[in-house]
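Chemist: No gaps in the numbering here: position 170 of the sequence shown is 530 in our numbering, and each next residue is one more. Ideal Cβ placement from N, Cα and C applies to all residues, glycine included. Computed from a predicted model, the values in this text were never measured in an experiment.
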Amino acid sequence: MTVLTATSKGAATREAIIDRAYGIACAAGLEGLSIGPLAQAVGMSKSGVFAHFGSREDLQLAVLDAAGERFVDFVLRPALKQPRGLARLRAVLEAWYDWVRQSEGSCLLLSAASEYDDRPGPLRDRLVQHERRWRVEVARAVGLAIETGELSADTDADQMAFELYALALAVHHDAGLFGFDTAADHGRRALERLFRSYAPTA
């Protein structure tokens, strides 16, 4: 076996572990991850799992990074195919709502925020990094809509990004209690109302 082949196999094994751990964490939270049960789930020894992750915290960080990447792949990248402006912002929110639907109320990023919002440490720091990057992306999309003239020139992009985030959180909250279709419908109507509130004045 060549070094390259061994490296590729190791990377594939690591990804398989992360994928299984992600599924567990979606159901039980990052704190629900334990090396022993995970090793059993992937058919490896505990030492085999530790060979890829030096500690339980390293595993949790890797899973959190995977969650962030999956979210961006699902929500942002498809929306970038839309024209700059409200069409792209609308696509971001629609995909975000759909993320709520497909995650069936078990969004790892949101559950991690509840787990670590008041617990200083590497996991909270990493979560804040992911959240800040996402806010920057949403604010950038808002800024492009300002440039196209579809939003008022005095729009505060960071403030609007906050409000868009609030819409997505409300949809996530209501989807579990009242059903996704009802929640998403309210979310879409709220989005259009928000767009109108930031529209340029004649």
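Can you tell which of GLU497, LYS369, ALA544 has its C-alpha closest to the C-alpha of ARG444?
Modeler: Among GLU497, LYS369, ALA544, the Cα nearest to that of ARG444 is on GLU497.
Chemist: If you run the structure through DSSP and keep just helix, strand and coil, what is SER407?
Modeler: Helix at SER407.
Chemist: Of all the alpha helix (DSSP H) runs that stay within the bounds of the stretch 365-453, which reach a length of 4 or more residues?
Modeler: As far as the stretch 365-453 is concerned, its whole alpha helix (DSSP H) runs of at least 4 residues are 395-402, 406-410, 416-439.
Chemist: Do TYR558 and THR508 have their C-beta atoms within less than 7 angstroms of each other?
Modeler: In this structure, THR508 does not lie closer than 7 angstroms to TYR558 by Cβ.
Chemist: Following the continuous alpha helix (DSSP H) through SER557, name the residue where it begins and the one where it ends.
Modeler: It spans 540-557 - the alpha helix (DSSP H) in which SER557 sits, taken as one unbroken run.
Chemist: Taking GLU491 as part of the alpha helix (DSSP H), name the residues at either end of that continuous run.
Modeler: Looking at the DSSP string, the run of the alpha helix (DSSP H) that includes GLU491 is 482-507.
Chemist: Using a Cβ distance threshold of 8 angstroms, determine whether the stretch 414-431 contacts the stretch 480-495, with at least three qualifying pairs required.
Modeler: Yes, since at least three Cβ pairs between the stretch 414-431 and the stretch 480-495 fall closer than 8 angstroms, the two stretches touch.
Chemist: Could you give the DSSP three-state label for SER471: helix, strand or coil?
Modeler: Of the three classes helix, strand and coil, the one that applies to SER471 here is helix, per DSSP.
Chemist: Evaluate VAL363 with the Cβ neighbour count: other Cβ atoms within 10 Å of its Cβ, from every protein chain shown; 16 or more gives buried, anything less gives exposed.
Modeler: Any reading at VAL363 needs caution, since the residue's pLDDT is 49, under 50, leaving its predicted position unreliable; the model's value is listed next. Exposed.
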